[in-house]
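Asks:
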Amino acid sequence: ARTREYIDIVRQVWARQGPVTSPGPHYPLPLTGEGTTGLGKALKPIVHPLRADIPIMLGAEGPKNIALAAEICDGWLPIFYSPRLADMYNEWLDEGFARPGARRSRADFEICATAQVVITDDRAATFEMIKPFLALYMGGMGSEDTNFHAEVYRRMGYAEVVDDVTKLFRSGRKEDAAAVIPDELVDDAAIVGDIDFVRKQIAVWEAAGVTMMVIGARSADQIREAAALL
C-alpha cells in the first residue's frame with residue numbers, strides 16, 4: 004500500500020494536471036489532523052517536467068512486490084535475476100497483469116535485470132572476485148532473521164548456502180562466507196566467460212523475458228566491451 008500510494012503521488016507531480024493530493028494513510032497530502040496547523044494546502048508544481056509520464060521501474064524482490072510492479076509500473080528492476088527461474092517470475096508478473104486497471108501488459112512491460120557481465124577467459128578467478136559481493140548481500144544486509152536479498156537466493160534453491168553464509172558473515176568470518184558460495188550460484192545470476200559464452204548467455208536472458216540489461220562493470224573497458232555486445 005505504501006509503494007502504491009507513493010507512486011501515485013509521484014505521477015501526479017509529473018503530470019501537473021492539478022493540485023497534488025493524497026488521502027493517505029501513509030502520505031496524506033495536504034497534511035491534516037492531529038498535530039498539524041490545519042493550514043496545509045494542495046499545490047500544483049510550478050516546474051514543468053520535459054515528460055508528463057516518466058516510466059517507473061520498481062525494484063522488487065518478493066512475489067507480492069513483483070506482482071505490484073506488473074500492475075502499476077512500467078517495468079521491473081530485479082537486483083538479482085536468474086533466467087532459470089523465468090517461469091516462477093512470470094507467474095508473479097502475470098498475477099499483476101491480470102488485475103483490473105493494470106497499467107501494462109507483458110507486450111510492453113520492461114524487465115531490466117541487473118547482472119555482473121564480465122568478458123574473461125578465467126571464469127574461476129572472476130567468480131572469486133564476485134563472491135564477496137554476493138556474501139555481503141546474502142549475509143550482511145538487513146538482520147540475521149530478516150534479509151530480503153537473502154530470500155531471493157533461497158527462492159533460487161540455495162537455502163543451505165544462505166544459512167551458511169549468514170552464520171559465517173555475521174560472526175566476522177567474511178572470507179569464509181564468500182568461500183562457501185558455489186560457482187553454480189554465481190553462474191545463476193552473473194554472466195562470466197569468453198565473448199562467445201557471454202553473447203550466448205545474453206541471448207538466454209533475452210529469451211527468458213529480459214528486455215534490458217543493467218550491468219555491473221569494474222572498468223571503463225568492461226563497459227565498452229559489454230556495450231558492444233548489447
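Sequential numbering of the sequence shown, starting at 4, is according to our numbering.
For every residue, glycine included, the Cβ atom is placed at its ideal position computed from N, Cα and C.
(1) For V201 and I75, what's the separation of their Cα atoms in angstroms?
(2) Compute the beta-carbon to beta-carbon distance between C115 and M159, rounded to the nearest angstrom, for a pair I have assumed lies under 8 Å.
(3) For F130 versus V183, is the C-beta spacing smaller than 8 Å?
(4) Tell me which same chain residues have a C-beta within less than 6 Å of the C-beta of P81, skipping the five on either side of it?
(5) Quick check: what's the CA-CA separation for Y30 versus E8?
(6) What residue ranges within the segment 59 to 132 form continuous beta strand (DSSP E) runs of no fewer than 3 residues, ordered along the chain?
(7) With DSSP as the reference, please indicate the residues paired to V195 in a beta bridge.
(8) Measuring alpha carbon to alpha carbon, tell me which residue in P185, K177, D148 and H152 is nearest V164.
(9) Give me whichever residues DSSP pairs with S25 in a beta bridge.
(10) Please say whether M215 and E113 have beta carbons closer to each other than 8 Å?
(11) Beta carbon of A181, beta carbon of A210: below 8 Å?
(12) Do I69 and W95 have their beta-carbon atoms positioned less than 8 Å apart in this structure?
(13) Can you check the segment 136 to 201 for any beta strand (DSSP E) of at least 3 residues that lies completely inside it and give the ranges in chain order?
(14) Excluding the 5 residues preceding and the 5 following D179 in the sequence, name in chain order all residues of the same chain whose CB lies nearer than 7 Å to its CB.
(15) Name the DSSP bridge partner or partners of I12?
(16) Taking the beta strand (DSSP E) that I226 falls in, what are its first and last residues?
Replies: By the coordinates alone:
(1) One-based indexing of the sequence shown puts residue 201 at position 198. One-based indexing of the sequence shown puts residue 75 at position 72. C-alpha separation (whole angstroms): 33 Å.
(2) In the sequence shown, counting from the first residue as 1, residue 115 sits at position 112. In the sequence shown, counting from the first residue as 1, residue 159 sits at position 156. For a cut-off of 8 Å, the C-beta gap from C115 to M159 is around 19 Å, too long to register as a contact.
(3) Mapped onto the sequence shown, residue 130 falls at position 127. Mapped onto the sequence shown, residue 183 falls at position 180. No.
(4) For this step, residue 81 is matched to residue 78 along the sequence shown. The answer, listed in chain order, is A116.
(5) Position 27 of the sequence shown, counted from the first residue, corresponds to residue 30. Position 5 of the sequence shown, counted from the first residue, corresponds to residue 8. If you draw a straight line from the Cα of Y30 to the Cα of E8, it is about 7 Å long.
(6) Given a length threshold of 3 residues, each whole run of the beta strand (DSSP E) inside the segment 59 to 132 is given here in chain order: 113 to 122.
(7) By one-based count along the sequence shown, residue 195 stands at place 192. Its beta-bridge partners are V121.
(8) Taking the sequence shown and counting its residues from 1, one reaches residue 164 at position 161. Looking at the Cα atoms, P185 is the closest of the given residues.
(9) Residue mapping note: residue 25 aligns to position 22 of the sequence shown, counting from 1. DSSP, once it has assigned bridges, lists L32 as partnering S25.
(10) For the purposes of this step, residue 113 is taken as residue 110 along the sequence shown, with counting starting at 1. For the purposes of this step, residue 215 is taken as residue 212 along the sequence shown, with counting starting at 1. Taking a C-beta distance under 8 Å as the contact criterion, E113 and M215 qualify as a contact pair.
(11) Residue numbering aside, residue 181 sits at position 178 when the sequence shown is read from its first letter. Residue numbering aside, residue 210 sits at position 207 when the sequence shown is read from its first letter. Their beta carbons are not under 8 Å apart, which means A181 does not touch A210 by this criterion.
(12) As a first step, residue 95 must be located in the sequence shown, where it is residue number 92. As a first step, residue 69 must be located in the sequence shown, where it is residue number 66. W95 is a Cβ neighbour of I69, given a cutoff of 8 Å.
(13) Runs of the beta strand (DSSP E) inside the segment 136 to 201: 193 to 196.
(14) Along the sequence shown, read from residue 1 onward, the residue named residue 179 stands at position 176. So the qualifying residues of the chain are L171.
(15) If you number the sequence shown from 1, residue 12 lands on position 9. Looking at the DSSP assignment, I12 forms no beta bridge with any residue, so it has no partner.
(16) As a first step, residue 226 is located in the sequence shown; it is residue number 223 there, counting from the start. Taken as a continuous stretch (DSSP letters only), I226 belongs to no beta strand (DSSP E), being part of the alpha helix (DSSP H) at A223 to L232.
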